[in-house]
Each structure stands twice: as C-alpha cells, then as structure tokens.
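**Student:** I have a structure here, written as structure tokens, and I will follow up with some questions on it.
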Amino acid sequence: MTQYQSLDADVLRTFVAIAEQGGFTRAGEVVNRTQSAVSMQMKRLEEDILQRQLFERDGRQVRLTAEGQVLLGYARRILKLHGEVFNTLRMPHMVGMVRIGTPDDYAMRFLPTILSSFAQAYPLVQVEVHCESSKQLMLRQDLDLTIVTREPGNEIGQLLRQERLVWAAAEGFCPQEQRPIPLALFNSDCFCRAWTCNALEAQGIDYRIAYTSPSLAAIFAIVTAGLAVTAQLQSLIGGNLRILGESEGLPQLPVANVMLVRSTQSASPITDCMADYIVEGFK
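As structure tokens, then:
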C-alpha cells in the first residue's frame with residue numbers, strides 16, 4: 001500500500017491565507033505566524049509532502065501555479081469539513097457575535113439565504129450587518145467579514161464571484177430617445193458609478209445623473225417608474241426590468257469582482273463558519 005504524508009490543517013490554512021492575501025507576510029498576519037515560519041511551512045509542503053511547485057514568485061507578489069490552484073480547491077473543502085467537525089462535535093451551540101459589512105445590493109440579493117441557513121445551524125450567534133459602499137467598508141476596522149466590489153487586478157481577499165455590470169431600464173423606456181440619458185446610480189463613492197460614467201464618456205454619449213441613493217431598492221423604484229436607466233450586476237436585475245445592450249446604443253460595461261475580506265484582528269470559529277456560509281451563498 002502506498003504511504004502518503006498527511007496534509008496538516010494548519011499548513012493548509014496557511015496555504016489558503018497566502019492565496020487570498022497574495023503574499024507570505026500578509027498571510028502570516030492572518031494565521032499569526034512570522035514570515036519565516038510561513039516560508040518553512042510552504043517549503044515543506046512543496047518539497048517534502050506534495051513534491052510540486054505551488055507558487056510563482058515575482059518579487060513580493062506570489063501567484064499560484066496550476067498545481068497550486070488545484071490544491072486551493074481541495075484545501076478549502078478540507079478546512080470547511082474540518083471546521084464542521086469541530087463546530088458540530090465540540091461547539092454545537094456557538095454563542096457570540098459576527099459583524100458583516102456589505103453594500104446594500106448584495107444584502108438584498110444574497111444575504112437572506114445565507115443568514116437563514118446560518119441561523120438554523122447557529123441560532124445563538126448574533127449577526128450585525130452594516131450596509132455601506134465598498135470604498136467606505138474598506139476603511140473600517142471593526143468588521144469581521146467584509147463583502148466588497150473590486151476592480152479586476154485590484155482584488156483583496158477571496159473571490160466570491162465575477163459578474164458583468166449591465167444596463168437596465170423599465171419596459172418601454174428608450175434610451176436612444178433620451179439625450180442626455182438620465183441615470184439612477186449609487187452615491188459618488190461607488191466603484192460601479194465611476195465605471196458607468198467612464199464607459200459613456202469614452203463613447204461620447206451625453207448623460208446626466210438624475211437620481212442618486214445608497215439604497216438599491218430606491219434606485220430600482222426610480223428605474224421601474226420609467227424615470228432613468230441604471231447599471232447594476234446582472235444577477236440583481238428583476239423581472240420587471242429589461243437589460244439593455246449595444247442595440248440601444250449603450251457601451252459594454254466591465255466585469256466586477258465580488259470579494260470577501262476577512263479581518264486579521266478578529267479570527268474566530270464563528271467568523272470562519274460565517275465565511276463558509278457566505279462563500280457557499282455566492283456560488
């Protein structure tokens with residue numbers, strides 16, 4: 001029988017932290033180890049345990065090789081099962097608090113299912129949800145888990161999903177007949193608002209920001225009334241709105257990366273467990 005060396009959960013946790021943080025130093029802060037200790041763990045993982053190159057190093061930046069990407073998927077599944085065993089057998093009644101930060105649009109679309117499942121498993125955990133823009137959330141230090149929108153190439157944390165921004169309007173609304181095009185968008189510190197305006201300006205299309213709100217419900221109410229066009233993630237567009245495209249004279253919009261950022265200061269079984277539910281809920 002072939003003998004294999006075991007994959008220690010601590011080593012896998014460090015490996016995942018490197019993949020999510022993009023470097024050994026930041027990963028060390030997450031797992032509470034020195035950079036040298038992290039390097040030694042990964043050297044042993046690459047050379048002794050798996051005998052495969054897992055990282056490509058470019059200065060301080062670290063990227064996963066193809067083999068590293070394969071291991072990342074397995075590592076997350078192993079750690080999830082590892083956590084479930086301890087949560088079920090040692091802490092079936094976890095008590096405490098977890099603080100989540102998210103933009104309003106993700107709270108409406110994804111959190112209901114996520115929080116419902118989490119509450120059934122851990123009814124004694126108090127959950128605080130703070131809704132602000134991605135830029136504002138990235139400045140906060142008091143959140144355990146933060147869901148944010150990031151530009152491609154500027155990701156921080158764990159990728160939850162990639163999704164294209166699309167134009168949307170009420171049935172019967174013709175943007176070709178509106179100049180300047182009236183827009184209903186989030187407030188000025190929203191990434192998506194900047195991407196939307198840049199796309200219109202690049203094609204010389206006149207527009208005016210007619211309505212702003214931090215609330216997705218308010219924006220959709222305005223658009224549904226036929227007062228403006230909006231740009232949102234495709235999965236957020238409801239059946240009472242239609243998606244517009246190049247046939248209506250509107251430019252293609254970029255892809256947004258939805259990321260999960262974990263606090264390095266408040267790691268706990270509760271936080272880790274909620275993170276697993278968020279990852280699953282965004283699939």
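Under UniProt numbering, the first residue of the sequence shown is numbered 1, with each subsequent residue one higher.
Backbone N, C-alpha and C define an ideal beta-carbon position, used for all residues, glycine too.
For residue 313, which residues in the same chain have their Cβ closer than 8 angstroms to its Cβ, ignoring the five residues on either side in sequence?
**Tutor:** There is no way to answer for residue 313, as the model of the chain reaches only from 1 to 283.
**Student:** Using the three-state DSSP reduction, which class does residue 284 fall into: helix, strand or coil?
**Tutor:** Look at the range of the chain in this structure, 1 to 283, and you will see that residue 284 is not part of it.
**Student:** Give me the DSSP bridge partner(s) of Thr102.
**Tutor:** Counting from one through the sequence shown, the residue named residue 102 turns up at place 102. Cys131.
**Student:** Secondary structure at residue 304, three-state DSSP: helix, strand or coil?
**Tutor:** This structure leaves residue 304 out entirely; the chain is present only between 1 and 283.
**Student:** What first and last residue would you give for the alpha helix (DSSP H) that runs through Ile181?
**Tutor:** Taking the sequence shown and counting its residues from 1, the one referred to as residue 181 is at position 181. Here Ile181 belongs to no alpha helix (DSSP H); instead the beta strand (DSSP E) covers 181-185.
**Student:** By the DSSP assignment, the alpha helix (DSSP H) with Thr14 in it spans what residues?
**Tutor:** By one-based count along the sequence shown, residue 14 stands at place 14. First-last of the alpha helix (DSSP H) with Thr14: 9-21.
**Student:** Quick one: measure Cβ to Cβ for Leu38 and Ile270, integer angstroms, because I've assumed they're closer than 8 angstroms.
**Tutor:** In the sequence shown, the residue the question calls residue 38 occupies position 38. In the sequence shown, the residue the question calls residue 270 occupies position 270. A small correction: the amino acid at residue 38 is Val; Leu does not occupy that position in the sequence shown. Not confirmed; about 25 angstroms, so no contact.
**Student:** In the DSSP assignment, find the beta strand (DSSP E) that holds Arg262 and state where it starts and stops.
**Tutor:** The residue you call residue 262 lines up with position 262 of the sequence shown. Looking at the DSSP string, the run of the beta strand (DSSP E) that includes Arg262 is 255-262.
**Student:** Measure from the alpha carbon of Ser188 to the alpha carbon of each residue in Ser215, Ser117, Ala225, then state which is nearest.
**Tutor:** Taking the first residue of the sequence shown as position 1, residue 188 is located at position 188. The candidate whose alpha carbon is nearest that of Ser188 is Ser215.
**Student:** Would you mind giving the Cβ-Cβ distance between Ala228 and Ala184, rounded to the nearest angstrom? I have them listed as a contact below 8 angstroms.
**Tutor:** By 1-based counting over the sequence shown, the position of residue 228 is 228. By 1-based counting over the sequence shown, the position of residue 184 is 184. Between Ala184 and Ala228 the Cβ distance is about 4 angstroms, and since that is below 8 angstroms, they are a contact.
**Student:** Is the beta carbon of Ile100 closer than 9 angstroms to that of Met274?
**Tutor:** Stepping through the sequence shown from its first residue, residue 274 is reached at position 274. Stepping through the sequence shown from its first residue, residue 100 is reached at position 100. In this structure, Ile100 lies closer than 9 angstroms to Met274 by Cβ.
**Student:** Which residues in the same chain have their Cβ closer than 8 angstroms to the Cβ of Leu54, if we skip the five residues on either side of it in sequence?
**Tutor:** Counting from one through the sequence shown, the residue named residue 54 turns up at place 54. Excluding sequence neighbours, Leu54 sits near Phe15, Met42, Leu45, Glu46, Leu64, Thr65, Glu67, Gly68, Leu71.
**Student:** Can you list, in chain order, the residues of its chain whose CB lies under 8 angstroms from that of Gln5, leaving out five sequence neighbours each side?
**Tutor:** As a first step, residue 5 must be located in the sequence shown, where it is residue number 5. Result list for Gln5: Asp48, Ile49, in chain order.
**Student:** So what does DSSP say about Glu151, is it helix, strand or coil?
**Tutor:** Counting from 1 along the sequence shown, the entry for residue 151 is found at position 151. The answer is coil: DSSP assigns Glu151 none of H, G, I, E or B.
**Student:** Can you grab the Cα-Cα spacing for the pair Gly22 / Gln61, in whole Å?
**Tutor:** As a position in the sequence shown, residue 22 is number 22, starting the count at 1. As a position in the sequence shown, residue 61 is number 61, starting the count at 1. Approximately 6 angstroms between the Cα atoms of the pair.
**Student:** Please return the same chain residues whose Cβ sits closer than 7 angstroms to the Cβ of Arg52, not counting the five positions on each side in sequence.
**Tutor:** Residue mapping note: residue 52 aligns to position 52 of the sequence shown, counting from 1. Listed in chain order, the non-local C-beta contacts of Arg52 below 7 angstroms within the same chain comprise Glu46, Glu67, local neighbours out to five positions each way being set aside.
**Student:** Can you tell me the Cβ-Cβ gap for Val223 and Ala169, rounded? I've got them flagged as a contact below 8 angstroms.
**Tutor:** Against the sequence shown, residue 223 aligns to sequence position 223. Against the sequence shown, residue 169 aligns to sequence position 169. Contact holds; Cβ gap of about 6 angstroms.
**Student:** Among Ile147, Ile78, Arg109, whose alpha-carbon lies nearest the alpha-carbon of Met102?
**Tutor:** As a first step, residue 102 must be located in the sequence shown, where it is residue number 102. Note that residue 102 corresponds to Thr in the displayed sequence, not to Met. It is Ile147 whose Cα lies nearest to the Cα of Thr102.
**Student:** Terminal residues of the continuous alpha helix (DSSP H) containing Thr65?
**Tutor:** Working through the sequence shown from its first residue, we reach residue 65 at position 65. Where Thr65 is concerned, there is no enclosing alpha helix (DSSP H), given that its DSSP letter is neither H nor E.
**Student:** Could you compute how far the alpha carbon of Leu115 sits from the alpha carbon of Ala107?
**Tutor:** Your numbering for residue 115 matches position 115 in the sequence shown. Your numbering for residue 107 matches position 107 in the sequence shown. Approximately 10 angstroms between the Cα atoms of the pair.
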